[in-house]
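So the protein sequences, as listed, match chains A and B.
Numbering-wise, the first sequence is residues 25 to 234 according to our numbering.
Numbering-wise, the second sequence is residues 1294 to 1557 according to our numbering.
Positions of the beta carbon are idealized from the N, C-alpha and C atoms, including for glycine.
Just so it is clear, the structure is predicted and the values come from calculations on it, not from any experiment.
Report on one structure; see the data block that follows.
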Amino acid sequence: MKTRKVLFLLILPFVAEFIIACCNCNLDTQYGYFSNCNINISELDNSGEKAVVTTSNTIPKEAFGIRISIDRVDNTCYFNSTPSFLYSAFATSCDCPPEFEYLAKDSIVDIEIITTNSYNTIVNGVSTSHNAGSDISKFFYAYSNYEYIEISKYIKNMNYGIKNNIIEQYTFDLLLMSPPEVTSQHQFIVNIELSDGRVLSEQTNLITLQ
Amino acid sequence: MKKFLIIIAILILYSASFAQENQRTYSEWYYKPSVGINIPASNMLSGEITDNLIGYDDNSVYWQFISANYFFSPKWGIEFAFQANTSSRFSKKIDQLNNELNNEFGNKNYINTNTGTRYDRFNIIGGNIEKGFLGVVYRYETPKIVILPKMLIGVTSFHSTYGIIYLKEKNTNNISQLSYDPKTYTNNYFTLAPSLTFGYRLSERILANIDFTYSFYQTNIEYTKEHTNLFTQNKTTENISYKKGISTISVGAGIIIELRKVYY
């Protein structure tokens, strides 16, 4: 019985090594950083089956949205991680850590959508009025995979690291869910505030929401 | 003396062979393949959209290749039968679902449909509705005719599946989700099936037969229809019940092959 235990203990490291070898994981994840550099915005017409970018000056007010693309630049300053127990655990489960992981150097803190004209809408049956220059971002929702997400919650998704490939642009759609009460001309300024104090800003064309 | 014994033995064997010819025989085993149609005495489907999510049709055809009788006496025996059922409507269920959704919601919405199962995949062994029976058989037999009244019990089995439909409202940013949830996906129902078979002898071991079967089972399917505005999360819920007693009359035809005869 004792001999069996000793044999088992002797064989155990080889078995563990065999399992790890099967997984063929590269334990040395390389980390890098990306920076959010500037944004591009375009108007969306969501009156059809899917939202499409439009250059039209007139868009149905209940089907209006803004597509925002954030240009991200690979800020290459790779460093190797020190293999830890955690990553060893990854290896034995064959769920390998990524070869590269890019972390946000400057995370997004806030997104504002400023109306350049006065904006009147109905919320919960009550008419509300907003002066020119007001932040009306609460009327816009990020839309992804049949889900409407408040902008403040969606910002958390935007700050996740990027694994294994470089995404040069991060694109998302904001849909206007509380349209203006009546047909009117509007222009919106999108401000994205970053953790390093910069504000990326862009404005839509002047459009008629009818 | 030796010659005398041989003559006696031959005489005994000769008389024994005559004796066997005079004994009566009965078939111990029947192999009994058949095909037929199912005529509903009561309908399960009710014209709802969810009819297209249930792997069932009131009017169907059946075939049974695995079907046998074992008689443990000249009059009494047992029957086992496995029956596959299908209908030409199964292959149209997805199109029918989309058409009905389009009729109801298509004017104001773009429709994106997801369902769990496609019923147009044909299975020669089990069809779309499977039935298995076991029961007691009585045999009345004349030289030309066999009549088999039976009392069978068994299981009727078919699937039901979910439907998730996204409705994108035209000219707006609004999307709603329409879901149909059956809660159970495999439905097995205890079935009572009294039956009568008439057989006409074509040859020493083969009979042509027709079957009449009345079957009854109680279904227990209930769909929950939920319509959710994905922005406001407002929901309306409705139940669509298929809890019904289902009666079906089946008429079929086939052959009976007598596999083994025993003396009694």
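What residues from chain A crowd round residue 1523 of chain B, counting only those whose CB sits closer than 9 Å?
For the purposes of this step, residue 1523 of chain B is identified with residue 230 of the second sequence, where counting begins at 1. The answer, in chain order, is 170, 171, 172.
List the residues of chain A that residue 1463 of chain B touches, going by C-beta distances under 7 Å, in chain order.
In the second sequence, residue 1463 of chain B corresponds to position 170, counting from 1. Close to residue 1463 of chain B, with beta-carbon spacing below 7 Å, are these residues of chain A in chain order: 71.
State the DSSP-derived secondary structure class of residue 73 of chain A, mapped to helix, strand or coil.
Here residue 73 of chain A refers to the residue found at position 49 of the first sequence. Residue state, collapsed to three classes: coil.
In whole angstroms, give me the CA-to-CA distance for residue 105 of chain A and residue 59 of chain A.
Locating residue 105 of chain A in the first sequence gives position 81, counting from the first residue. Locating residue 59 of chain A in the first sequence gives position 35, counting from the first residue. Annotation note: pLDDT 49 at residue 105 of chain A (below 50); position unreliable, coordinate value reported separately. So the alpha carbons of these two residues sit roughly 20 Å apart.
For residue 54 of chain A, which three-state DSSP category applies?
Position 30 of the first sequence, counting from 1, holds the residue named residue 54 of chain A. The answer is strand: DSSP assigns residue 54 of chain A an E or B state.
Are the C-beta of residue 233 of chain A and some C-beta of chain B separated by less than 8 Å?
Mapped onto the first sequence, residue 233 of chain A falls at position 209. No, residue 233 of chain A lies away from the interface with chain B (no Cβ there is under 8 Å from its Cβ).
Please report the residue range of the alpha helix (DSSP H) in which residue 1390 of chain B lies.
Sequence index remark: in the second sequence, residue 1390 of chain B carries index 97 (1-based). Per DSSP, residue 1390 of chain B belongs to the alpha helix (DSSP H) from 1386-1398.
Could you check where the beta strand (DSSP E) with residue 178 of chain A kicks off and where it finishes?
As a first step, residue 178 of chain A is located in the first sequence; it is residue number 154 there, counting from the start. Residue 178 of chain A -> not in any beta strand (DSSP E); alpha helix (DSSP H) instead, spanning 175-182.
What would DSSP say about residue 220 of chain A, mapped onto helix, strand or coil?
Here residue 220 of chain A refers to the residue found at position 196 of the first sequence. In the three-state scheme derived from DSSP, where H, G and I count as helix and E and B as strand, residue 220 of chain A is classed as coil.
Taking 8 Å as the cut-off, decide whether the C-beta atoms of residue 1484 of chain B and residue 1509 of chain B are in contact.
Within the second sequence, residue 1484 of chain B is the residue found at index 191, counting from 1. Within the second sequence, residue 1509 of chain B is the residue found at index 216, counting from 1. If you check the CB distance, residue 1484 of chain B and residue 1509 of chain B come in under 8 Å.
Identify the residues that DSSP records as bridge partners of residue 1506 of chain B: which are they?
In the second sequence, the residue the question calls residue 1506 of chain B occupies position 213. B:1488, B:1543.
By the 10 Å Cβ neighbour count, where 16 or more other Cβ atoms means buried, how is residue 1561 of chain B classified, buried or exposed?
Within the shown structure, residues of chain B are numbered from 1294 to 1557, placing residue 1561 of chain B beyond reach of any answer.
So residue 1518 of chain B is in the beta strand (DSSP E); what residue range does that whole segment cover?
The residue given as residue 1518 of chain B occupies position 225 in the second sequence. For residue 1518 of chain B, the uninterrupted beta strand (DSSP E) run begins and ends at 1514-1522, by DSSP.
Would you list, in chain order, the members of the region 75-95 of chain A that have their beta-carbon closer than 9 Å to a beta-carbon of chain B?
Cβ proximity to chain B below 9 Å picks out 75, 84, 86, 87, 88, 89 from the region 75-95 of chain A.
Distance check for residue 1348 of chain B and residue 1385 of chain B, CA to CA, integer angstroms please.
Walking along the second sequence from the start, residue 1385 of chain B turns up at place 92. Walking along the second sequence from the start, residue 1348 of chain B turns up at place 55. Looking at the two C-alpha atoms, the distance is approximately 11 Å.
Taking 8 Å as the CB-CB limit, is residue 198 of chain A close to chain B?
Stepping through the first sequence from its first residue, residue 198 of chain A is reached at position 174. The Cβ of residue 198 of chain A sits no closer than 8 Å to any Cβ of chain B.
Listing by chain order, which chain B residues have their CB less than 7 Å from the CB of residue 201 of chain A?
Numbered from its first residue, the first sequence carries residue 201 of chain A at position 177. Listed along the chain, the chain B residues whose CB falls inside 7 Å of the CB of residue 201 of chain A are 1466, 1524.
Compute the minimum distance between the beta carbon of residue 1450 of chain B and the heavy atoms of the ligand GDP, and state whether it is under 7 Å.
Judged by which ligands are present, the structure shown has none, so any question about the ligand GDP falls away.
Does the region 154-168 of chain A come within contact of the region 136-145 of chain A, defined as at least 3 CB pairs closer than 8 Å?
By the Cβ test, the region 154-168 of chain A is in contact with the region 136-145 of chain A, since at least three Cβ pairs between them sit closer than 8 Å.
Could you tell me which chain A residues have their CB closer than 7 Å to the CB of residue 1403 of chain B, listed as they occur along the chain?
Residue 1403 of chain B sits at position 110 when you count from the first residue of the second sequence. The contacting residues are 73.
Rounding to the nearest angstrom, what Cα-Cα distance links residue 1479 of chain B and residue 179 of chain A in this structure?
Taking the second sequence and counting its residues from 1, the one referred to as residue 1479 of chain B is at position 186. Taking the first sequence and counting its residues from 1, the one referred to as residue 179 of chain A is at position 155. When rounded, the distance between both Cα atoms is 43 Å.
Flag this pair as touching only if the region 1323-1339 of chain B and the region 1520-1540 of chain B have three or more C-beta atom pairs under 8 Å; answer yes or no.
Flag = yes, the region 1323-1339 of chain B and the region 1520-1540 of chain B touch.
Note down, one range per segment and in chain order, each beta strand (DSSP E) of at least 3 residues found wholly within the region 1419-1482 of chain B.
Fully enclosed beta strand (DSSP E) runs of 3 or longer: 1422-1431, 1438-1452, 1456-1462, 1468-1474.
What residues from chain A crowd round residue 1611 of chain B, counting only those whose CB sits closer than 8 Å?
It is not possible to answer for residue 1611 of chain B, since the shown part of chain B is limited to 1294 through 1557.
Can you look up residue 1368 of chain B in the DSSP assignment and give me helix, strand or coil?
The residue labelled residue 1368 of chain B in the question sits at position 75 within the second sequence. DSSP places residue 1368 of chain B in coil when its eight states are reduced to three.
Go to residue 134 of chain A, then tell me how far its beta strand (DSSP E) extends in each direction, as first and last residue.
Taking the first residue of the first sequence as 1, we reach residue 134 of chain A at position 110. It spans 132-139 - the beta strand (DSSP E) in which residue 134 of chain A sits, taken as one unbroken run.
Short CB-CB distance (under 8 Å) between residue 1535 of chain B and chain A:
Along the second sequence, one-based indexing puts residue 1535 of chain B at 242. Chain A, which has no Cβ nearer than 8 Å to the Cβ of residue 1535 of chain B, makes this no.
Please look up how many angstroms separate the CB atoms of residue 132 of chain A and residue 196 of chain A, rounded, as I've assumed it's under 8 Å.
Within the first sequence, numbered from 1, the residue matching residue 132 of chain A stands at position 108. Within the first sequence, numbered from 1, the residue matching residue 196 of chain A stands at position 172. So it is not a contact: roughly 11 Å between Cβ atoms.
CB contact flag (residue 1376 of chain B, residue 1326 of chain B, <8 Å)
As a working note, residue 1376 of chain B is residue 83 in the second sequence. As a working note, residue 1326 of chain B is residue 33 in the second sequence. No; because the gap between Cβ atoms is not below 8 Å, this pair is not in contact.
Hey, residue 1512 of chain B and residue 1535 of chain B are a contact pair by Cβ (cut 8 Å); roughly how many whole angstroms apart?
Reading the second sequence from its first residue, position 219 is the one you call residue 1512 of chain B. Reading the second sequence from its first residue, position 242 is the one you call residue 1535 of chain B. Their Cβ separation, rounded to whole angstroms, is 5 Å, which keeps residue 1512 of chain B and residue 1535 of chain B in contact under 8 Å.
Residue range of the beta strand (DSSP E) that residue 1528 of chain B falls in?
Here residue 1528 of chain B is taken as the residue at index 235 of the second sequence, counted from 1. Where residue 1528 of chain B is concerned, the enclosing beta strand (DSSP E) stretches over 1528-1535.
From the beta carbon of residue 1459 of chain B, is the nearest beta carbon of chain A less than 8 Å away?
Taking the first residue of the second sequence as position 1, residue 1459 of chain B is located at position 166. Closer than 8 Å to some Cβ of chain A, the Cβ of residue 1459 of chain B qualifies, so yes.
Short check: CB of residue 1430 of chain B to CB of residue 1371 of chain B, under 8 Å?
Within the second sequence, residue 1430 of chain B is the residue found at index 137, counting from 1. Within the second sequence, residue 1371 of chain B is the residue found at index 78, counting from 1. Note that the C-beta distance between residue 1430 of chain B and residue 1371 of chain B is below 8 Å.
Find out if the Cβ-Cβ distance for the pair residue 138 of chain A, residue 164 of chain A is shorter than 8 Å.
The sequence position of residue 138 of chain A within the first sequence is 114, counting from 1. The sequence position of residue 164 of chain A within the first sequence is 140, counting from 1. Judged by their CB atoms, residue 138 of chain A and residue 164 of chain A are not nearer to each other than the 8 Å cut-off.
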